[in-house]
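320 is the number of the first residue of the sequence shown in this note's numbering; add one for each residue after it. Just so you know, even glycine gets a beta-carbon here, dropped at the ideal spot from N, CA and C.
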Amino acid sequence: MGYLQYLVGSLYISLSVIFTPIYVAVIVVFLRHSKYRRLRCYRLMIQLGISHCLMSVGFITAGIASILQRDPGNIAGTGAKLMTACIRVQTGLNIALAFDRIKIVCNVKIPDWTLTALLVFSWMLAITHFTLLMSPLSDFPFHPSSFAPKYDYSKPFSAVQQKIGYFYSLSVAFTTFCLYLFVVLYLMHKQKKFNLNGANFKQKWILIQATVRFTSDATVTVFYHLGPHFLTPSVGMAIAIVTGYLVNYLVIPTVLYIGFNRTLRREMFARQSGKELPKSSVLFALSTRKT
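This is the structure in structure tokens:
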């Protein structure tokens with residue numbers, strides 16, 4: 320392997336070590352302030368952030384196994400299983416967040432128990448997914464020589480579990496994007512009807528966020544599950560797919576939060592410097608979001 324194992328392993332580890340603490344800091348801000356905790360959308364974002372940060376365990380252990388070119392104690396294999404379970408969680412949480420946006424922004428009557436049931440289903444699906452992978456019926460081991468995990472088709476349920484996960488992730492991601500598109504169209508209609516100029520940025524932000532998330536989710540999902548059927552399997556493609564997952568779940572959410580939420584960015588820096596953000600700024604930010 321030469322230097323490749325060190326380059327790939329360092330890439331997995333360094334990106335995780337750089338972006339996970341920043342992501343954790345975002346979650347801490349949401350947890351510390353009641354103005355965030357009392358809103359369902361931020362409670363969902365907290366759960367999303369936790370599931371994303373847990374994935375860093377899989378990427379860091381993958382980096383260690385890549386450098387060593389062996390998986391001591393099956394730590395990378397277990398980390399890969401945890402990562403796929405977290406993907407199942409975040410898929411359900413994303414669509415729950417989209418339904419919450421429709422309920423709040425578009426004033427659509429959606430019973431609270433529906434969103435609660437969706438959350439419970441998402442976490443139970445993830446636990447079931449992880450438990451099955453840890454059983455003799457299915458497996459998702461990490462292969463240090465190819466720098467990526469792969470389903471073990473010698474196990475009776477591996478292929479079925481992979482197909483179910485693929486169709487679930489892609490279909491729910493597409494549905495989530497359609498829900499956000501509905502929100503944007505509603506805001507455009509409302510802006511045109513009532514001549515509300517202030518809603519323009521909100522439309523762009525919602526559409527940009529939904530488009531980026533759907534595009535990144537769909538790209539890594541399709542490439543991982545269908546790429547080997549259309550492209551010649553190679554080490555380079557495996558590295559690109561794992562790196563794509565890392566960027567999708569650790570880098571992009573962090574950049575979106577920090578880059579596009581000025582109030583959150585100020586609160587993070589204020590916390591580090593020991594200062595409190597003026598309440599007037601906080602109230603203004605919340606009043607403009609209403610979510």
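Cα-Cα, which of ILE383, LEU444 and ASN567 is closest to SER464?
Nearest C-alpha to SER464: ILE383.
According to DSSP, is PRO468 part of a helix, a strand, or is it coil?
Three-state result, PRO468: strand.
Do SER457 and PHE486 have their CB atoms nearer than 7 angstroms?
No.
Contact check, VAL327 vs SER375 under 8 angstroms by CB: the rounded distance?
Not confirmed; about 16 angstroms, so no contact.
Check whether the Cβ atoms of ASP431 and ALA492 lie closer than 7 angstroms to each other.
Cβ atoms of ASP431 and ALA492: not closer than 7 angstroms.
Whole beta strand (DSSP E) runs in the region 379-425 with 3 or more residues, listed along the chain?
Correct list: empty.
Please list, in chain order, all residues of the same chain as GLN388 whose beta carbon is under 8 angstroms from its beta carbon, the five residues on each side excluded.
Contacts found: MET320, GLN324, PRO463 and SER464.
Which class does LEU602 belong to by DSSP, given the choice of helix, strand or coil?
Only weak support exists for where LEU602 lies, its pLDDT of 34 falling under 50; the coordinates are left without a value.
Tell me, please, which residues DSSP counts as bridged to HIS462.
Bridge partners of HIS462: ALA467.
Using only the alpha-carbon positions, how far apart do PRO597 and TYR361 sit?
Because the pLDDT of PRO597 is 46, which lies under 50, any placement of that residue in the model is unreliable, and the number read from its coordinates should be weighed accordingly. Those two C-alpha atoms are separated by around 20 angstroms.
If we count Cβ pairs, one from each stretch, closer than 8 angstroms, do we get three or more for the region 330-342 versus the region 395-402?
No: the two stretches stay apart, fewer than three of their Cβ pairs being nearer than 8 angstroms.
Taking ALA269 and LEU363 to be in contact with their CB atoms under 8 angstroms, please state how far apart those CB atoms are, rounded to whole angstroms.
There is simply no residue 269 to check, as the chain begins at 320 and stops at 610 in what is shown.
With a 10 Å radius around its C-beta and 16 neighbouring C-beta atoms as the bar for buried, classify LEU558 as buried or exposed.
Reading off the sequence shown, one finds Ile at residue 558, where the question assumed Leu. Answer is buried; the Cβ neighbour count reaches 16.
Rounded to whole angstroms, what's the CA-CA distance from LEU452 to ALA445? Just pull it up for me.
Spanning the two alpha carbons is a distance of roughly 11 angstroms.
Pull up the CB-CB distance for ASN461 and PRO468, whole angstroms please, since I reckon it's below 8 angstroms.
It should be noted that the sequence gives Phe, not Asn, for residue 461. So it is a contact: roughly 5 angstroms between Cβ atoms.
Just checking my contact of THR573 with PHE378 at CB under 8 angstroms: how many whole Å lie between their CB atoms?
THR573 to PHE378, Cβ: 14 angstroms. No contact.
Taking all protein chains shown into account, decide if PHE513 is buried (16 or more other Cβ within 10 angstroms of its Cβ) or exposed.
The residue is exposed, with fewer than 16 neighbouring Cβ atoms inside 10 Å.
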